[in-house]
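Residue numbers (the numbering used here), protein chains in the order written: chain A, -11 to 182; chain B, 15 to 223. Quick reminder that beta carbons are idealized off the backbone N, C-alpha and C, glycines included. Quick caveat: nothing in here was measured; it's all calculated off a predicted structure. These notes are about the structure you will find just below.
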């Protein structure tokens, strides 16, 4: 039950994009077409879960016992950057079909603050290992859900006549606000740990 | 290189002011601007990291092999982020807690990495310092401006660096005008997107030159 609550909280209540504002650059950058949005979402689910687990282990088994907590930021970014490289090489060699789909989005993930942010939040909220695993998954799914919904609306807006100053990024942000408003309705649905 | 040197500084203040003209680094822009104070604090922290990383990248630009340059830039930036983190934890602990996860996330702020890649790795140290300062101050001003709009509408107050210098908010509509009801939407999550979107539209109305 506890893990179910974490999943609901991660996907809807504390959606990483719309309620916590993490990962907005890829949110605006890859949402112009549905295909790129789906590719990016898949890549994020893949990397975020792995990064969440690995950074949790490194923090609690290496940094914390050795009193190196202040090195958290630099360790995490290095772990994420090398993880992304590793995943890229692994996919290229063994699952070329998936690599072709995710290909160009993988390098972008290194600078996606949703990944780094989720890892830091997992540590800050003092989650246990299983909680961190479930929370990372929920955050990633929430990211994908928001991104795909947003891309769907944005494809339609391309056909609409938007006033000149509001065009492109500006109208996209207003739309994001409206989607965020609809996610706001989930506020208070669960009182979970994350 | 024909551009006069002062333009490296002034372009960051208007022509290339980060979140508006260059749409980069949006996460802190949306996340922390619930008040002027938070916005400016975040802006100053980012400016420090940007300035230091610009200086170091510019100094090392001939040493760093181009194939691993991004990794090197990220390590340089991460080092300065740790410095900021520790200093803020020691001296402004309340602000550090409010900004929370956004301080370590300066590492992945596209503005900082973008300037290292696009400017500091190609230009001399003096120009890089001016560029870092200009873009940093521009970023701080934009965060402050968005914080001002959101805090004023959403809470009816304007707080400029609360405790050390002033007691409480300098403007407080809720107290001075009892009939005023704050437009709370603005300080909540959806308001951030809408406020930034509308501010971008206003900036688009004004031509950049």
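With a contact defined as Cβ atoms closer than 8 angstroms, residue 92 of chain B and residue 18 of chain A miss out at about 25 angstroms. The stretch -1 to 17 of chain A and the stretch 63 to 81 of chain A do not touch, with fewer than 3 CB-CB distances between them shorter than 8 angstroms. Looking from the CA of residue 128 of chain A, the closest CA among A:173, A:142, A:-2 and A:154 belongs to A:-2. Residue 45 of chain B belongs to the set of residues whose beta carbon lies under 9 angstroms from a beta carbon in chain A. Within chain B, no C-beta atom comes nearer than 7 angstroms to that of residue 140 of chain A; the closest sits roughly 17 angstroms away.
C-alpha of residue 44 of chain A to C-alpha of residue 101 of chain B: approximately 25 angstroms in a straight line. Residue 138 of chain A is not a Cβ neighbour of residue 173 of chain A, given a cutoff of 9 angstroms. Between the alpha carbons of residue 34 of chain A and residue 131 of chain A lies a distance of about 12 angstroms. Proximity of chain A to residue 90 of chain B at the Cβ level (cut-off 7 angstroms) is not reached, the minimal Cβ distance being about 10 angstroms. By the neighbour-count criterion, in which a residue is buried when 16 or more other Cβ atoms sit within 10 angstroms of its Cβ, residue 147 of chain A is exposed. Within the same chain, 23, 26, 61 and 65 come within 8 angstroms of residue 147 of chain B by CB-CB distance, once the 5 residues on both sides are set aside. The C-beta distance from residue 43 of chain B to residue 210 of chain B rounds to 6 angstroms, short enough to meet the 8 angstroms contact threshold. Counting only runs of at least 4 residues, the stretch 24 to 71 of chain B fully encloses the following alpha helix (DSSP H) elements, listed from N- to C-terminal order: 32 to 35 and 40 to 45.
Of the other Cβ atoms in all chains shown, fewer than 16 fall within 10 Å of the Cβ of residue 190 of chain B; this residue is therefore exposed.
Distance from the CA atom of residue 66 of chain A to the CA atom of residue 188 of chain B, rounded to whole angstroms, is 47 angstroms.
In this structure the stretch 150 to 161 of chain B touches the stretch 34 to 53 of chain B; the number of beta carbon pairs closer than 8 angstroms is three or more.
For residue 177 of chain A, the closest C-alpha among the options A:-9, A:1 and A:-11 is that of A:1.
For residue 47 of chain A, the CB contacts under 6 angstroms within the same chain, skipping 5 residues up- and downstream, are 111 in chain order. Partner residues in the beta bridge of residue 185 of chain B, as assigned by DSSP, are B:172. Taking 9 angstroms as the cut-off, the beta carbon of residue 55 of chain B is found closer than this to the beta carbon of residue 106 of chain B. Residue 28 of chain A is classed as buried because its beta carbon has at least 16 other beta carbons within 10 Å across all chains shown. Along the stretch 188 to 218 of chain B, the positions whose C-beta sits under 9 angstroms from a C-beta of chain A are 199, 202, 203, 204, 205, 206, 207, 208, 209, 210, 211, 212, 213, 214, 215, 216, 217 and 218, read in chain order. Contact annotation: in the stretch 23 to 46 of chain B, residues whose CB is within less than 9 angstroms of a CB in chain A are 37, 38, 39, 40, 41, 42, 43, 44, 45 and 46. Inter-residue distance for residue 32 of chain A and residue 165 of chain B is about 33 angstroms (C-alpha atoms, whole angstroms). For residue 9 of chain A, the chain B residues whose C-beta falls within less than 9 angstroms of its own C-beta are 40, 41, 42, 43, 44, 45, 46, 116, 203, 206 and 207, listed in chain order.
Within the stretch 66 to 83 of chain B, no residue has its Cβ closer than 9 angstroms to any Cβ of chain A. Contact annotation, residue 105 of chain A with residue 5 of chain A: C-beta distance approximately 10 angstroms; criterion of less than 8 angstroms not satisfied. A contact is defined here as three or more CB-CB pairs under 8 angstroms, and the stretch 79 to 98 of chain B fails this definition with respect to the stretch 141 to 155 of chain B.
Here the C-alpha atom of residue 88 of chain B lies approximately 18 angstroms from the C-alpha atom of residue 137 of chain B.
Between residue 168 of chain A and residue 7 of chain A, the gap from beta carbon to beta carbon is short of 9 angstroms.
Near chain A, meaning a CB-to-CB distance below 8 angstroms, the residues of the stretch 87 to 113 of chain B are 88, 89, 92, 93, 95, 96, 99 and 100.
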